[in-house]
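Here the structure comes first, spelled out in structure tokens, and everything after it is commentary.
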Amino acid sequence: MAQGSPRLEIERQKLRVHSPLDQPKSPDDLRARQLRARDLLRGDLEGSDLDAYVEERVATTSLEKLLNVARANSIFPATFGLACCAIEMMSTVSPRYDIARFGAEAFRASPRQADLLILSGRVSIKMAPVIRRIYDQMLEPKWAISMGACSSSGGMFSNYAVVQGADKFMPIDVHVPGCPPRPEALIYAFNKLQEKIKGNPEQGWRSRYQAHGTEEWARGGPGSKPSEEAMEAYAQAREVLGA
Amino acid sequence: MPDAPGLELILAEINRSQPGAVIDTSFDREQAALIVDATQIIGVLTWLKETPGQEYTFLASVHGVDYLPNLPRFAVHYELLNRERYERLRVKALLNDPAAEHEAGADGTPAGTPGGSRPDGVPSGTATQLLPHIDSCVGLFPTANFQEREIYDFFGVVFDGHPDLRRILMPDDYVGWPQRRDFPVGGEPVIFTKDEVTNPGWWQ
Amino acid sequence: MGGAGSAGSLEGRLRDEEVTIGDLKTEIEDRTGATVELAPEQEMMTINMGPHHPATHGVLRLIVDLEGEVVRDLKPIVGYVHTGIEKSCETMNYWKVIPFVERMDYLAYFSNMEAYCGAVEKLIDMEIPRRAKYLRMLHLELNRLHSHLVWLGTSALDLGAMGVYFYCFRDRDKVLDIFEMSTGQRMHTRYFQIGGVAEDIPSGFEKKVRELIVTLNTGIAQYESLLDRNEIFLHRTKGIGIVSRERLLELGVTGPLLRASGDAWDLRKEGGYLAYPEIEFDVPVGTVGDGYDRYRVRLTEMRESLRIIEQCLDGLPEGPWISDDRKYVLPPRAELSTSMESLIHHFKLVTEGFRVAPGEVYNPVESPRGEVGCFILADGSSKPARVHYREPSFVNLQALRDMAVGEYVADLIQTLAMLDPILGGIDR
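Residue numbers (my numbering), protein chains in the order written: chain C, 902 to 1144; chain Y, 256 to 459; chain L, 5 to 432.
What follows is the structure, encoded as structure tokens:
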């Protein structure tokens, strides 16, 4: 118009004064969100606004991470109760300590259909090969939780009949202490396993409190051996004690 | 329980019909027991079960005991119960350990000394002829079936006449009689982090 | 299913008809009219219901000889949970044996403890205070309730009634809350000590138990309404697994199995340990001895347990909860700072333990499964020389063969459920 041209261009300017979009109180401000949604639907969001909007709403991830999340949230435990811990495992299915909240209420009888072997109870020497065979029959990916003191380390039974820890013959992902562990403890272990499946395993208290370096290693750090003189002295002591 | 005089009467009665069967009685802490010669155990049990007036028809438990270092070493205890009068009676059949006598004969060391296991750690007396024998009472009391198998499994006592004498709780190919007193308890010592110095790399 | 009118159309499969399961060969000949020559190896099939099986209660292995669907022979193989508890007990002093021994029959842990503590108290000739007796009885009956609730839940689950499982475990958690209140642990509480109980009950305990009694009475009515007249349950349990009373006695079976076949044998009434003679309760008895009778006997026992609990609460005497014989019982900690003797006793009990004069004792107790008896051989030292448990599940398992032979495989599952085996007790 200023150049005297007969064509007229109408430039629409959005009325943004006093609009919540200008000064949003917080990113979650409801009015701001509503207005942005309205803009999206109208086709008015452009450029970086549009990118930001989409990123906030759609989770982009790798297929692997997605699969891991799916696996973690729908674990099929195998019905594997050995002894007293089995009763507490049964009560995690009960209404009070519901394990169905985490998607694991479908306990599968057949090891071929199960993901997770919850070793609940003492592992006797007669049962160990059976457990190994059942674990071998499970299809990958598979995990194992060693529930209770007896399957983690032999528990109070340090004798001829109990295998001192199930990880002597099979890999275990999470150990649960207790005799028997409370159902809440089992569910905590279950959650830890879920974190491990999703790819961020919980390494323990030393990583949480930056306390690496407090382990009681031999002088020289982890993996080092004691000095020669020390080894001789220990060998002598063992002879004397008749170990 | 039959009290001490009652026990003496039973001893007299049984010894009249089966001389030498009952060796001794014991009434200790209100528990009545008859100590019986193992070779005549069936006769004693039959007498106790069938004689009117005794009628100990319920066998509550059969279990084995290892009295090492006392001799005779083994015993099989029968816990009998008379349901009408609610009286319990224990019958103890004492057994010697043929393996120890065999070794005593061979080495000249006195029977029953500990340290009688072979150098490879397997307890002596695993061959059947070196195991104590006793008659099985499964014919009289069918409840003894599993329980006698358990005594065989844990003590090595062979029950002659048992329909199916094999190990019940230990794996079938296990060597050794676990609940004998000279069998080691087993297990592993507990290892602490401070033991890193003596057991390097235990955590791996 | 067809009623009386259409009975003719369903040949021989209704339970209310008389079905005799005969020889396979004659059965085929009867039905088809053809003469069949069966090779011997075609008749029997031996299958292995392995230690890992959803329906065996624990790791029980059954080798079943089947002819078609009919069980002809049954061999249980046990030992998959054998823990060597009896051997381990010989290396601990008397006080330390208690946690070992309670892990045998892992649903009836108070009964295990009572058998052991009663046996040691007989050995050392100790009389426990009255309050301790009542507290022990209270916990024993709560444990009986807990054991029967778990049994009902898992058995109903085996038979397909999943809802009952959730109801039972909901109520079981309430019982475990009571245990946690008085003992600090849900299972394996180590509450009974030699000489009484470890701790007195806290305030608020009585109120909570009375609430529980009311809740559980409604709960039991709920289970009864779900299962008592349930047609499927009735068809599955009525007339199945009947063994005569004489045969059961020959096999040494005790507990609800024996009571279901008509014999009112209960050690709480006959033997009269603790303070049971002062408590009024009835012993439920069945008529036929089939699966349904066993179910009814256990349910009624639950109600009787509630009655006993109520009487225990009403009649709970005041007084010490553990004996004050310092030679065998730890002195209270407050005394340790004032009395030198208490300190010495404490030291001796904690390090070496008390010594028991040589002797043998057998102490039977009524557990939810039958007669559990503890045999202790004392040799004068502070450690028992032999601890043996006569476990009811171990002896009752011998009756499984008699119950299951001649019935269908599906009935085997139900029979096993009604037998109520606990593999921890069988294998020890």
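The beta-carbon is built from N, C-alpha and C at its ideal position, and this holds for glycine as well.
Under a three-way DSSP split, which group does residue 432 of chain Y fall into? Note: residue 432 of chain Y maps to coil in three-state DSSP.
When DSSP builds the beta bridges, which residues end up paired with residue 1046 of chain C? DSSP, once it has assigned bridges, lists C:1019, C:1075 as partnering residue 1046 of chain C.
Contact with chain L by residue 400 of chain Y, beta-carbon distance below 9 Å: Interface residue, yes.
Flag this pair as yes or no: are the beta carbons of residue 331 of chain Y and residue 293 of chain Y separated by less than 9 Å? In this structure, residue 293 of chain Y lies closer than 9 Å to residue 331 of chain Y by Cβ.
Along chain C, in chain order, which residues have C-beta atoms closer than 8 Å to that of residue 429 of chain L? Residues of chain C passing the Cβ test: none, with the nearest at roughly 10 Å.
Is it a yes or a no for the segment 270 to 290 of chain L touching the segment 301 to 315 of chain L, going by three-plus beta-carbon pairs under 8 Å? Judged by pairs of C-beta atoms under 8 Å, the segment 270 to 290 of chain L touches the segment 301 to 315 of chain L, as three or more such pairs exist.
Measuring alpha carbon to alpha carbon, tell me which residue in C:1056, C:989, C:979, C:1025 is nearest residue 1013 of chain C. Residue C:979 is the option with its Cα nearest to residue 1013 of chain C.
Provide the residue(s) that pair with residue 71 of chain L in DSSP beta bridges, ordered along the chain. BP columns for residue 71 of chain L point to L:74.
How is residue 397 of chain L classed by DSSP in three states: helix, strand or coil? Judged by DSSP in its simplified three-state form, residue 397 of chain L adopts helix.
Can you look up residue 1120 of chain C in the DSSP assignment and give me helix, strand or coil? Only weak support is given to the placement of residue 1120 of chain C: the predicted model assigns it a pLDDT of 49, under 50, and the question is left unresolved by the model.
Helix, strand or coil for residue 1057 of chain C, going by three-state DSSP, please let me know. DSSP places residue 1057 of chain C outside both helix and strand once states are collapsed to three, so it counts as coil.
Distance check for residue 291 of chain Y and residue 1026 of chain C, CA to CA, integer angstroms please. Near 37 Å, if we compare the C-alpha coordinates of residue 291 of chain Y and residue 1026 of chain C.
Strictly under 9 Å for the Cβ-Cβ distance: is residue 421 of chain L near chain C by that measure? It does not; no Cβ of chain C falls within 9 Å.
Beta-carbon separation (whole angstroms), residue 263 of chain L vs residue 290 of chain L, contact threshold 8 Å: That pair is a contact at about 6 Å.
Looking only at C-alpha atoms, which of Y:416, Y:425, Y:408, Y:441 sits nearest to residue 318 of chain Y? The alpha carbon of residue 318 of chain Y has as its nearest neighbour, out of Y:416, Y:425, Y:408, Y:441, the alpha carbon of Y:408.
So for residue 392 of chain Y, helix, strand or coil by DSSP? Coil.
From the DSSP output, read off the bridge partner residues of residue 80 of chain L. Bridge partners of residue 80 of chain L: L:66.
Do residue 328 of chain Y and residue 355 of chain Y have their C-beta atoms closer together than 9 Å? Yes; because the gap between Cβ atoms is below 9 Å, this pair is in contact.
In whole angstroms, what is the alpha-carbon distance linking residue 372 of chain Y and residue 380 of chain L? Model confidence at residue 372 of chain Y stands at a pLDDT of 40, short of 50, so the residue's coordinates are unreliable and nothing is read from them.
Tell me, please, whether the CB atom of residue 1104 of chain C is closer than 9 Å to any CB atom in chain Y? Residue-level contact check: residue 1104 of chain C does not touch chain Y, since none of the beta carbons of chain Y fall below 9 Å from its beta carbon.
What residues of chain A sit near residue 253 of chain L, judged by a beta carbon separation below 9 Å? In summary, chain A is missing from the structure at hand, where the protein chains are C, Y and L.
Which residues in chain Y sit within 8 Å of residue 1061 of chain C, going by Cβ to Cβ distance? Near residue 1061 of chain C (Cβ distances below 8 Å), the residues of chain Y are 433, 438, 439, 440, 441, 442.
Is residue 423 of chain Y near residue 82 of chain L, with beta carbons less than 9 Å apart? Contact flag set, yes.
Compute the beta-carbon to beta-carbon distance between residue 365 of chain L and residue 394 of chain L, rounded to the nearest angstrom, for a pair I have assumed lies under 8 Å. Contact flag wrong, Cβ pair sits at about 13 Å.
Would you call the CB atoms of residue 1084 of chain C and residue 995 of chain C closer than 9 Å? Cβ atoms of residue 1084 of chain C and residue 995 of chain C: closer than 9 Å.
Please classify residue 80 of chain L: is it buried, with 16 or more other beta-carbons within 10 angstroms of its beta-carbon, or exposed? By the Cβ neighbour-count rule, residue 80 of chain L is buried, with 16 or more other Cβ atoms within 10 Å of its own.
For chain Y, find out if any of its Cβ atoms is closer than 9 Å to the Cβ of residue 1055 of chain C; answer yes or no. For residue 1055 of chain C, the nearest beta carbon of chain Y is closer than 9 Å to its own beta carbon.
Between Y:285, Y:283, Y:284, Y:310, which lies nearest to residue 265 of chain Y when the distance is taken from Cα to Cα? Taking only the C-alpha atoms, the option nearest residue 265 of chain Y is Y:310.
Is the shortest distance between the beta-carbon of residue 247 of chain Y and the beta-carbons of chain L less than 9 Å? No information on residue 247 of chain Y is available, as it lies outside the stretch 256 to 459 that chain Y covers here.
Given a limit of 7 Å on CB to CB distance, which residues of the segment 126 to 153 of chain L reach chain Y? Legend: CB atoms of the segment 126 to 153 of chain L lying less than 7 Å from CB atoms of chain Y belong to residues 126, 127, 129.
Find the residues of chain L that neighbour residue 318 of chain Y, judging by a C-beta separation of less than 8 Å, and give them in chain order. Taking a Cβ-Cβ threshold of 8 Å, the residues of chain L close to residue 318 of chain Y are 379, 392, 394, in chain order.
Enumerated in chain order, which unbroken segments of the beta strand (DSSP E) with a length of 3 residues or greater are wholly contained in the segment 270 to 352 of chain Y? Residue ranges of uninterrupted beta strand (DSSP E) with 3 or more members, entirely inside the segment 270 to 352 of chain Y and ordered along the chain, are 277 to 283, 286 to 292, 313 to 321, 329 to 337, 342 to 350.
Hey, is the segment 70 to 77 of chain L in contact with the segment 408 to 422 of chain L, meaning 3+ C-beta pairs nearer than 8 Å? Yes, since at least three Cβ pairs between the segment 70 to 77 of chain L and the segment 408 to 422 of chain L fall closer than 8 Å, the two stretches touch.
Enumerate in chain order the residues of its own chain whose CB-to-CB distance from residue 384 of chain L is below 8 Å, with the five nearest sequence positions on each side excluded. Within the same chain, 359, 360, 361, 362 come within 8 Å of residue 384 of chain L by CB-CB distance, once the 5 residues on both sides are set aside.
Burial state of residue 191 of chain L (16 or more Cβ within 10 Å): So residue 191 of chain L counts as buried.
Suppose you measure from the CA of residue 963 of chain C to the CA of residue 970 of chain C; what does that come to, to the nearest Å? Approximately 11 Å between the Cα atoms of the pair.
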